[in-house]
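Mapping the sequence shown onto UniProt numbering, position 8 (from 1) lands on 8, and the numbers just tick up by one.
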Amino acid sequence: MAKYCPVCRGFFLYDDSQTACPDCGRRLEFYRPQAETSPPAGEWPGERSAVFTQTVREGGSRQERSAPSSGGRQAACAAPSSPAFLVHEGGRYIFRGAVFHVDTVVREYGFLRKVLYSVFSGEPFQFGRTCYLTNIRLEEHTDAGFPERSETIIYYGDIESQLATGDDIQAECVRHRGRYMAVRVYSFDHNRSLRPESIRLSAWLVRILFLLVLLALFFFTAEVVCFFASGAFLVLLSQLMFPIILIGALWFWLRSRRWR
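Below, the structure is given as structure tokens:
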């Protein structure tokens, strides 16, 4: 029967002829793989890895084999899995991951250009001449190893000072022209939604206001056309012709007397 050292955590198994641990000198105990044993002192249940290597020393030779530990199986069952990197709900894409890189692009647009971008591109309207675009590189959460999935998310507004590498965030995005545009960013490190310092108007509100302005211009133009087409302009002009001539003559008379 193999023996093991209850103090060392190298998971070495020794031959039955060995009586003491060659590393610490502790008396070896018999290894019973089927028996349920308590974890060593200072180790919480389930702390060991799911798979460990057992090394049997027999006459100076080493034989290695892998065997699952009961604590590792318990930890694997109890440990929660990483959150999903991307969840598609209707027209929204919800990303959950860690910030890998963040930078801000500064642009200067005029009023009309910002309105057109809001109406046709869906960009929020940012007050002031300076507009900010924050690029966020997001990586998925992994239990071990390197992340396999990542995505670049854009956010219209300056929130770079509120983010740091490794922050756990959730971004609710819409897809527009092959890019993911964040409409809401929530930080689990700060337990709040991130908001830029500058005031913004949503693209839908700008579109509604733009539509109302177009309707007002349309009705105003229609009234002007009807006013001229109905002949009301000629009637009004004939009524105002005498006052206009009188005011013009008075103005020329006053101007001529001032230059004398």
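Positions of the beta carbon are idealized from the N, C-alpha and C atoms, including for glycine.
| Query | Result |
| --- | --- |
| Residue 237 burial status per 10 Å Cβ neighbour count (16 or more: buried) | exposed |
| Cutoff 6 Å; reference residue 291; Cβ partners in own chain excluding five residues on either side | Outside the modelled stretch of the chain, which goes from 1 to 260, sits residue 291, for which no answer is possible. |
| Simplified DSSP state of residue 226, which is helix, strand or coil | helix |
| Length of the line joining the Cα atoms of residue 111 and residue 118 | 11 Å |
| Contiguous beta strand (DSSP E) assignments of at least 3 residues, all confined to the segment 120 to 189 | 130 to 139, 150 to 156, 168 to 176, 179 to 187 |
| Host beta strand (DSSP E) of residue 103 (start-end) | 92 to 108 |
| Sufficient close CB pairs (3 or more, under 8 Å) joining the segment 93 to 112 to the segment 127 to 141 | yes |
| Three-state secondary structure assigned by DSSP to residue 118 | helix |
| Nearest-angstrom beta carbon gap, residue 167 and residue 197 [assumed within contact, 8 Å] | In fact, because the Cβ distance is near 18 Å, the residues do not count as touching under 8 Å. |
| Nearest-angstrom Cβ-Cβ length linking residue 122 and residue 181, presumed shorter than 8 Å | 7 Å |
| Residue 95 versus residue 211 - alpha carbon distance | 33 Å |
| Other residues of its chain near residue 130: CB distance less than 7 Å, five sequence neighbours each side excluded | 106, 108 |
| Residue burial classification, residue 85 (beta-carbon count within 10 angstroms, cutoff 16) | buried |
| Burial state of residue 185, where buried means 16 or more other Cβ atoms lie within 10 Å | buried |
| Simplified DSSP assignment, three categories, for residue 218 | helix |
| Where residue 82 falls: helix, strand or coil (DSSP) | coil |
| Which listed residue (239, 93, 214) has its alpha carbon closest to that of residue 179 | 93 |
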